[in-house]
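As structure tokens, the structure follows; a few thoughts come after it.
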Amino acid sequence: DVLCMAISWDSAVLACGTADGGLTLWDLSTGGVRSTLDNHSTKVLSVAVTSEHGLLQSGSEDGVIRVWEINRGSFQERELGRKCSLSVAFSPDGKRVASTGFDRQTLVWNASSGALLPPLPQKGDPPRCWGLALAFSPDGTLLLSGNQDG
Numbered sequence: 001d002v003l004c005m006a007i008s009w010d011s012a013v014l015a016c017g018t019a020d021g022g023l024t025l026w027d028l029s030t031g032g033v034r035s036t037l038d039n040h041s042t043k044v045l046s047v048a049v050t051s052e053h054g055l056l057q058s059g060s061e062d063g064v065i066r067v068w069e070i071n072r073g074s075f076q077e078r079e080l081g082r083k084c085s086l087s088v089a090f091s092p093d094g095k096r097v098a099s100t101g102f103d104r105q106t107l108v109w110n111a112s113s114g115a116l117l118p119p120l121p122q123k124g125d126p127p128r129c130w131g132l133a134l135a136f137s138p139d140g141t142l143l144l145s146g147n148q149d150g
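Heads up, the sequence shown is in full-length UniProt numbering, so the first residue is 1 and it goes up one at a time.
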């Protein structure tokens with residue numbers, strides 16, 4: 001079962017996360033499978049792709065957030081953290097990756113080094129429920145998050 005999907009910015013690759021912990025990358029020009037990855041132990045709940053930087057981010061129920069380098073012909077993964085991730089996002093420049101999930105935190109890392117960046121200021125009260133959605137603004141200056149309480 002496919003649980004999440006993301007299309008690359010250039011519409012070349014479709015990434016699908018599955019209930020069995022797998023990722024399938026589809027080549028949209030041919031319609032064929034480009035590759036499959038089976039490194040998560042449980043459901044892949046969120047994926048994000050950036051083609052110009054050749055990166056794929058996946059978050060799963062196993063608490064692992066991974067960034068994959070997909071354009072080198074090999075898959076070099078970096079494990080970023082152990083936070084059950086319901087939503088992941090890349091900044092438009094591909095330099096930062098963000099996640100939110102069951103721990104009610106929105107975390108941001110440096111995509112190259114995997115270093116956790118300082119916490120972001122947030123408006124309003126701290127969230128009382130799970131983070132469900134994330135999006136960077138087109139210029140990368142804002143990171144928006146949505147959770148169960150609206």
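Even glycine gets a Cβ: it sits at the ideal position worked out from N, Cα and C.
Since the structure is predicted, the reported quantities are computational estimates derived from the model, not experimental observations.
For V13 against V49, the beta-carbon gap comes to about 6 Å, under 8 Å, which counts as contact. Apart from the 5 residues on each side of it in sequence, H40 sits with its Cβ closer than 6 Å to the Cβ of G21, S60 and D62 in its chain, given in chain order.
Annotation for D27: the continuous beta strand (DSSP E) segment containing it runs L23 to D27.
Secondary structure within the UniProt repeat "WD" (87-119): the beta strand (DSSP E) runs of 3 or more consecutive residues, fully enclosed, are 96-101 and 106-110 (chain order). Closest by C-alpha distance to E69, out of D103, L37, S87 and S85, is L37.
Leaving aside the five residues that flank P138 on each side, the residues in its chain whose CB is nearer than 7 Å to its CB run, in chain order, P92. For a cut-off of 8 Å, the C-beta gap from G114 to A133 is around 23 Å, too long to register as a contact. Cα atoms of L142 and H53: separation of roughly 20 Å, rounded to the nearest angstrom. A straight line joining the alpha-carbon of F90 with that of L116 spans about 14 Å. For the pair V2 and T18, the Cα-to-Cα distance works out to about 4 Å.
With contacts defined as CB atoms closer than 8 Å, S46 and L23 fail to qualify as a contacting pair. Ranking G101, S87, L120 and S112 by CA distance to the CA of K95 puts S112 first. DSSP places I7 in the uninterrupted beta strand (DSSP E) bounded by V2 to I7.
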